Structures are given as C-alpha cells and as structure tokens.
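Take a look at the structure set out below.
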Amino acid sequence: MTQSTAWDHPEPLAVESAPVPQYGSGSLADLLPTLAAGMGVPDMTAAITELTPVDRACVFLIDGLGWEQLRAHPEDAPFLTSLLSGSRGGTGRPITAGYPATTATSLASVGTGLPPGAHGLPGYTVRNPATGDLMNQLRWQPYSDPRAWQPYPTVFELAHRAGVHSAQVSSPTFENTPLTRVALSGGTFLGRLTGEDRMDLAAEQLAAADRALVYTYYSELDGAGHRYGVDSDTWRGQLMCVDRLAQRLAEQLPPRSALYVTADHGMVDIPFDEQHRIDFDEDWELRAGVALLGGEGRARHVYAVPGAEDDVLICWREVLGEQFWVASREEAVAAGWFGPRIDDRVYARIGDVVAAARDDVLLIASEREPKESAMAGNHGSMTPAEQLVPLLEVRS
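87 is the number that this note's numbering gives to position 87 of the sequence shown; each next residue is one higher, with no gaps.
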C-alpha cells in the first residue's frame, strides 16, 4: 500500500462528470412546447416523445416537490404516489429541472419553453452586465426592464395567438410581478387565494374551450422545506395538502383532458455545522479576488475582479473541488450546464466561476445573505435530489 504524504492532493471533481439536465428531450423547458405542439401551435416541438397529444392540458406545478422526496413519503401522498409508475408518459421516469434547480430559472424554463442559456435567468442572483449590480431574479431587485431581460414570447402567448385558450391560475400576489411577465404571461391570469379555489377554477378553465392550456401553482411546500427541512412534520403536512389538491383537480377533469403534476426542483436538508456549511464571509481564501458572489448556497456564480479570473478558479477548485463541480464560465457553457446554446446577452450574466455542489454541503454567506444562510432545506445543483422532478399524468 502506498502511503500518502502531505503533498498529495485529491483530484477535483471533473466538470464533465456533472449530470447535465436532459435539455431537448426530458427537461422542464420541454414540457409546454410538447403540449402545445400536440394542440397544433406552430413552431412548437414535441420534445418529450413519451407524451401523447391531448386537446386540453393542465400543468400543476408544486414548488419544491422533487422526485426523490415524493418517493420517500408514500404514506403522506397516496394519490400522487399512485401515479409514479405512469410518470413521463407511462415510463415511470422523472424529468429534470435544468441548471440551476431554482424557482426563477425553472419557472422561466417552463413558461418560455427555453433552457436558461436562452431565456436568460441562469440563477437566483446574477450580475447585470449593464450595471455591474447583483440582481435577484426571483424578487427582481434591483429592477431591470423585464422584456429587455427576457425578450422571448412565452408558450402561453404563442398558444393564445394560435387560438388555444390559455390561462394561469395562481395567487393574486403573482399577477403583476416581473417574473410572471417574463415567464408566465399570455392568455388570462386568474388570481385565487386558496389552493382549493385554484384547483376548481383550473378545471373550469380547461372546460372553457375545445383546446386549452392551463397552468396552476402551489408554493407553500417549498416554503416549509426551506424553513423546517424536507424531513419535518411541517413539510409532510404540506405534502398531504398538495396530494389532496392534486386529487381534487384530477377528479374534475373535463373530457379529452390531461393533468400533469410536476415541480421546479427538489430539495436537500443540510446540517447546521461548519463541516456542511462553509461560510464565504469567513473564508479569506474563497474571498480573494472575488468582486461579487451570486447564485445560492448549492449553485454559485462567482464574479472575479478583472484579471483575477484564473486565480479565483484555481483557488475555488483547491478549496471546494472535492465537494463541488467547479468550472470556469467557458467550461460550464461547453459542458451544457445552461443548455445547448447561450444567447449573447446572457453570457456575461454567468459567473466567471460556477460552482455546483455534489455533496451535502452548502456555501453560505452569513453576512451578505443572512436569511438564505439560515435555511434548513436547500436546492440549486445537479444532484438527483435537486434535479429530478415528477411528470405525473391523469387523463380523462
């Protein structure tokens, strides 16, 4: 046996070993184009080939309901669990969220039918190249013109133009947000406060026309996971709630309809100790040469001081490379992390260095991001627990 020495350094994780999302065949960005193509909407591609066309389709997106978390709690979600074997058109397989596996990115992928490198929301927070500021793309702060930031029409807009009845049924809070404008606009927005009212109205909207594309959303499961973790009683209580809501909607489907239950990401619980939570604000090595820290704890965008890009990449690989896939912007783009193409306006929004967690570890920033650093449940990276989401189907 060869004895190790102090000079031995384990090899960092290879960039190409990261499990890239299934863009173009089985990702969230492929769902609405597949459904719209089945309704005859021009220029839409049925990329998820396992799905059979349907005249009326409703997508129920449950924020934070990962494939692995659902499979781990069959007693709390008996209805959804009964649909697992038929996921993804009867294959019993999940689809992938896209990178990073975070709400703003995923909702933009769902609504536009485009991967992050095209729609341009490639993270929780990213640098705005026009101003140099760090922009929160979920809360849209600081404000930037939504249509300049994301200029493509949504699938709902294209479907509406093609004569398909399109509607979004969600909380009234989201009606006029910039994220809704760039990701989910088109057709009719209908705000309802309770989950039960949303399910009932979504069923009514499906029946409103011979061809209909309806979207509805529930966020409270994700909030429970962030605050208490996906192993908490509170999270399981929310799972029971969404199970009942999905069954309520499924039982009201009009003829020639399909309900698709999916999610924007999964989630992992990270222990509250120094081994699992590395604090950027307390680590001088990681801070060296960094002008801005973007993204979130499991999916970081790192913006270097001009001229320090190579040094930052080397340092981050040395410090984090056994637990994170650490790539330069060019390497992440070439590996397809953000999709098969990167629009020119999006390229500089991606970090000079991109770090995606493989292990159960979190890169927090306790001073810059106190609320995010205190979350129990987290997501963002390319691990199965975060990337894999269900595509459950009920047809009438």
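Virtual Cβ for every residue (Gly too), placed ideally from N, Cα, C.
Predicted, not measured: the structure shown is a model, and the values here were computed from it.
Item	Value
Between 182, 16, 259 and 253, which has its C-alpha nearest residue 391's C-alpha?	259
Does the beta-carbon of residue 163 have 16 or more other beta-carbons within 10 angstroms, so that it is buried, or is it exposed?	exposed
Jot down the residue ranges of each uninterrupted alpha helix (DSSP H) in the stretch 5-42, minimum 4 residues, whole runs only, in chain order.	31-38
Quick one: Cα of residue 47 to Cα of residue 343, how far?	21 angstroms
Using only the alpha-carbon positions, how far apart do residue 120 and residue 105 sit?	8 angstroms
Residue 375 by DSSP, collapsed to three states: which one?	coil
Could you check the C-alpha separation between residue 53 and residue 160 for me, to the nearest Å?	18 angstroms
Which ranges does the beta strand (DSSP E) cover as unbroken runs of at least 3 residues, wholly within the stretch 236-324, from first to last along the chain?	257-262, 277-279, 290-296 and 299-304
Rounded to whole angstroms, what's the CA-CA distance from residue 180 to residue 174? Just pull it up for me.	7 angstroms
Alpha carbon to alpha carbon, how far is residue 314 from residue 266?	30 angstroms
Comparing alpha-carbon positions, which option in 86, 73 and 111 lies nearest residue 61?	111
So, do the stretch 294-304 and the stretch 369-381 have three or more beta carbon pairs nearer to each other than 8 angstroms?	yes
For residue 85, which residues of its own chain have a beta-carbon under 6 angstroms away from its beta-carbon, when the five flanking residues on both sides are left out?	92
Work out the CA separation of residue 33 and residue 207 for me, nearest whole Å.	21 angstroms
Check whether the Cβ atoms of residue 221 and residue 64 lie closer than 7 angstroms to each other.	yes
In terms of residues, what are the limits of the beta strand (DSSP E) holding residue 191?	188-191
Return the chain-ordered list of same chain residues with a C-beta closer than 6 angstroms to the C-beta of residue 199, the five sequence neighbours on each side being excluded.	245, 248 and 249
Which full runs of the beta strand (DSSP E) of 3+ residues lie inside the stretch 109-165, going along the chain?	125-127 and 134-136
Comparing alpha-carbon positions, which option in 58, 59, 29 and 57 lies nearest residue 45?	29
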